[in-house]
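Protein chains in written order, with our numbering: chain A, 27 to 564; chain B, 61 to 355. Glycine residues also receive a C-beta, built at the ideal position from the N, C-alpha and C atoms. In what follows, a single structure is set out as structure tokens and then discussed.
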Ligand SMILES: Nc1ncnc2c1ncn2[C@@H]1O[C@H](COP(=O)(O)OP(=O)(O)O)[C@@H](O)[C@H]1O
Ligand SMILES: [Mg+2]
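Below, the structure is given as structure tokens:
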């Protein structure tokens, strides 16, 4: 028996460690700059690439090696990865001057720098092409920040204003229709005037915005003429616009310290930047933000509700068949599959409550099939998760209250305390570690749930965060990104599976880190409370 | 009504030679009818509490039967009797702690300074401030020593720092705990020893300035040294507070109390000055019990 139990535990530990190990090892290696080899084949052709793994064909016995060759736009099949037969490779060299470029589009580029063509950038004279490239890149970025970014900002504020004007138009038209239904014709004069005014505003804004777009396109075209010329492994020359280049480095020339610095800079990018290239490159900031915010809103909604319900069950409800039934029901609620909660959330929160809010506050948009709250959003998703986790909090609150010795209650009552005073001053502080336990379990469950989110408002790309600088700063109706859904999306819905694999590992690791650190924080809080309320007399 | 001179008994009764019980002596068989008849006079001149024809039922079962008895003011009264005879039940009637148990019903009256405390309309909170209680198992709150003592005041809405400081100090001094804890008032009360816990609970009860302090076997979980300290404390509080103490320990009852009431199966068998009850009990059952022949 000892052996069986021990073996079972060992098996569980083994699987957990393997799982964590695979994730950590793969994720940790993603940002390390790998050496780029210049591969020369037996037939004399050449290619640049990072050697990955190899495999042996069981039928023919031929060994093949996989390389990440990048330069996707140049490949006839638009692939980043290629298998080459090991026998065909004559040699692999690691020249120091190989550049790796991370670009806005088309993934990595591997090549040798030939020249810089910057017709409309002021550049100091320099003999060294590498230095010239860095100067040019810096100048292009500076120009972009000075010329294009302000235009983009103006455009986005214009489009916000345009949006609100359009909403106003909708509202006025809606009111007009309602007035028309049962009033004399004269009553619509005011609305007509307003509509005319709005139409004028809309026209004005539209014109401004069109002008800006033209100007922006002009600037972009001008800036886009500045390019760097690279030669690929096979000898072709390619011109790459400087503004396309996000990051460049020469892995074969980097020392260990530089590689470490590169690594952390990539981690920083991951944590703070928006994703690029259908989420396979760039950062995860919106997804991290969405996940944390979701769990936070979930906690804020489920904890008070669960604690209050638990207190009622544990302290106020008279024990009887009804209370027992309720207790069993609550226990069973915790076991309902999350997708069922998701569907309930969609029906109740999104279509029910959200639909009502829209009907009351934005009837004109609803009439035009533009739901605001009547569609998935972070508020509804977090409430759905809150519903999913609330039974755990109820059960643990009740349990925690029940285990407090009767003497403590009587001690308090005997001093003239009311029931409420006893609850607030003695029972709740003592029950708080137990309540925290429930909360931790709830949070750990909620943070990893994906299924219910998929139908209540998670999306693959939502650069507009639920909290931002635009009035009213908190937008509970907005869609959001989530690390768990991100894993599913890039890992299993992406057209370029191989290219997104590293991001899947990184996202998984990040999700694990976030979930584990949130629950560690809660566990730490609980142990502090426990120390405070630990009683020798109990 | 009989006026009873105040006895000052401190001498342990068990010191007397005829105290050792005969092993396996025949247990006296008492019928309820026999017991409830012929109670001696159980009243005193200036009672602070007067129970009259008190009955108490847990659901269908009768736990207290027709108890009529007085508790003399500012004296110590001991309730003795075998386990399950209703001592705690009786004690808990005096501050309505039995309200916490759903199935309890009572009949008769208990007057504290003339006010019937069994009347459902009285202010129970107010009553419990006047009638404090110390339990068998000390239950300090998981708060600091200071907050434990200040608890009763805080829930009464007193938050003036000066008042609290003064009361905490006075109560702890009164409970003979001040010297041991004065340097660590802000530390958790849970770090104190068992004996200190019980004195802390006494301090906590004193802090709200009650008239009566009920003690339900306050020493039964304590070592002899702590027990002695509590007994000394009771002797000191006597005269200022009315103390009603339930105890299983005959010597203790004899040492600390002025009057003793003997309960048996929910019936008050005998009540009188402690000296008289212990040296010259009127009832045969009392004698049997205190000489250890049953119970
Ligand atoms: N909560 C309760 N519910 C039902 N019966 C009780 C309860 N508490 C005590 N009793 C019964 O009442 C009688 C007196 O109990 P108690 O007052 O605790 O005795 P003592 O304190 O003298 O040992 C016992 O028979 C006991 O079983
Ligand atoms: Mg008892």
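Secondary structure of residue i, DSSP reduced to three states
i	result
residue 499(A)	coil
residue 347(A)	helix
residue 83(B)	Because residue 83(B) sits at a pLDDT of 40, beneath the cut-off of 50, its placement in the model cannot be relied upon, and the point is left open.
residue 164(A)	helix
residue 64(A)	strand
residue 99(A)	helix
residue 386(A)	helix
residue 339(B)	helix
residue 283(A)	helix
residue 73(B)	The predicted model places residue 73(B) with a pLDDT of 37, which falls under 50 and marks its position as unreliable; any figure quoted below should be read in that light. Of the three classes helix, strand and coil, the one that applies to residue 73(B) here is helix, per DSSP.
residue 152(B)	helix
residue 125(B)	strand
residue 78(B)	Model confidence at residue 78(B) stands at a pLDDT of 40, short of 50, so the residue's coordinates are unreliable; what they give is reported in the following sentence. Residue state, collapsed to three classes: helix.
residue 90(B)	Reliability of the predicted coordinates at residue 90(B) is poor, the pLDDT of 45 falling under 50, and no value is obtained from them.
residue 352(B)	coil
residue 298(B)	strand
residue 371(A)	helix
residue 558(A)	helix
Residue j beta carbon less than 7 Å from that of residue i
i	j	result
residue 273(B)	residue 443(A)	no
residue 329(B)	residue 345(B)	yes
residue 502(A)	residue 367(A)	no
residue 305(A)	residue 481(A)	no
residue 318(B)	residue 135(B)	yes
residue 131(B)	residue 137(B)	yes
residue 98(A)	residue 133(A)	yes
residue 120(A)	residue 63(A)	yes
residue 464(A)	residue 422(A)	yes
residue 228(B)	residue 206(B)	yes
residue 427(A)	residue 457(A)	yes
residue 148(B)	residue 276(B)	yes
residue 118(A)	residue 82(A)	no
residue 168(B)	residue 224(B)	no
residue 252(A)	residue 177(A)	no
residue 343(A)	residue 418(A)	no
residue 158(A)	residue 142(A)	yes
residue 278(B)	residue 194(B)	yes
residue 238(A)	residue 188(A)	no
residue 339(A)	residue 424(A)	yes
Which residues DSSP lists as bridging residue i, in chain order
i	result
residue 255(A)	141(A) and 265(A)
residue 308(A)	301(A)
residue 132(A)	According to DSSP, residue 132(A) bridges with nothing at all.
residue 227(A)	Looking at the DSSP assignment, residue 227(A) forms no beta bridge with any residue, so it has no partner.
residue 137(B)	304(B) and 319(B)
residue 487(A)	DSSP output for residue 487(A) lists no bridge partner at all.
residue 124(A)	138(A)
residue 110(A)	91(A)
residue 192(B)	273(B)
residue 81(A)	90(A)
residue 117(A)	66(A)
residue 112(B)	169(B)
residue 75(A)	63(A)
residue 324(B)	327(B)
residue 471(A)	In the DSSP output, where bridge partners are listed per residue, residue 471(A) has none listed.
Practice problem: Identify each residue in the stretch 433-449 of chain A for which the Cβ-Cβ distance to at least one residue of chain B is less than 8 Å, and report them in chain order. | Solution: 433, 434, 435, 436, 437, 438, 439, 440, 441, 442, 443, 444 and 447
Quiz item: In chain order, what residues of the stretch 208-236 of chain B put their CB closer than 7 Å to some CB of chain A?
Solution: 211, 212, 215 and 216
Quiz prompt | Contact residues within the stretch 143-158 of chain B, judged by C-beta distance below 8 Å to chain A | solution = 155 and 157
Quiz item: Is it a yes or a no for the stretch 483-494 of chain A touching the stretch 310-329 of chain A, going by three-plus beta-carbon pairs under 8 Å?
Solution: yes
Quiz prompt | Contact list for the stretch 448-463 of chain A against chain B, Cβ threshold 9 Å | solution = 448, 451, 452, 455 and 456
Practice problem: Return the residues of the stretch 194-206 of chain B that lie within a Cβ-Cβ distance of less than 9 Å from chain A, sorted by chain order. | Solution: 194, 195, 196, 197, 198, 199, 200, 201, 202 and 203
Exercise. Using a Cβ-Cβ cut-off of less than 7 Å, list which residues of the stretch 325-347 of chain A approach chain B; keep chain order.
Key: none
Quiz prompt | Near-chain A residues of the stretch 173-189 of chain B (beta-carbon distance less than 9 Å), N- to C-terminal order | solution = 184, 185, 186, 187, 188 and 189
Quiz item: Are the stretch 316-326 of chain A and the stretch 394-413 of chain A in contact at 8 Å, needing three or more beta carbon pairs?
Solution: yes
Exercise. For the stretch 225-243 of chain B and the stretch 287-303 of chain B, state whether three or more C-beta atom pairs, one from each stretch, are separated by less than 8 Å.
Key: yes
Practice problem: Note down, in chain order, all residues in the stretch 416-433 of chain A with a beta-carbon under 8 Å from any beta-carbon belonging to chain E. | Solution: Absence of chain E from the displayed structure is noted, the protein chains being A and B.
Quiz item: Are the stretch 385-404 of chain A and the stretch 195-207 of chain A touching, with three or more C-beta to C-beta distances below 8 Å?
Solution: yes
Quiz item: When Cβ atoms are compared, which residues of the stretch 112-124 of chain B fall closer than 7 Å to chain A?
Solution: none
Quiz item: Is the number of C-beta pairs between the stretch 329-340 of chain B and the stretch 161-177 of chain B that are closer than 8 Å three or more?
Solution: no
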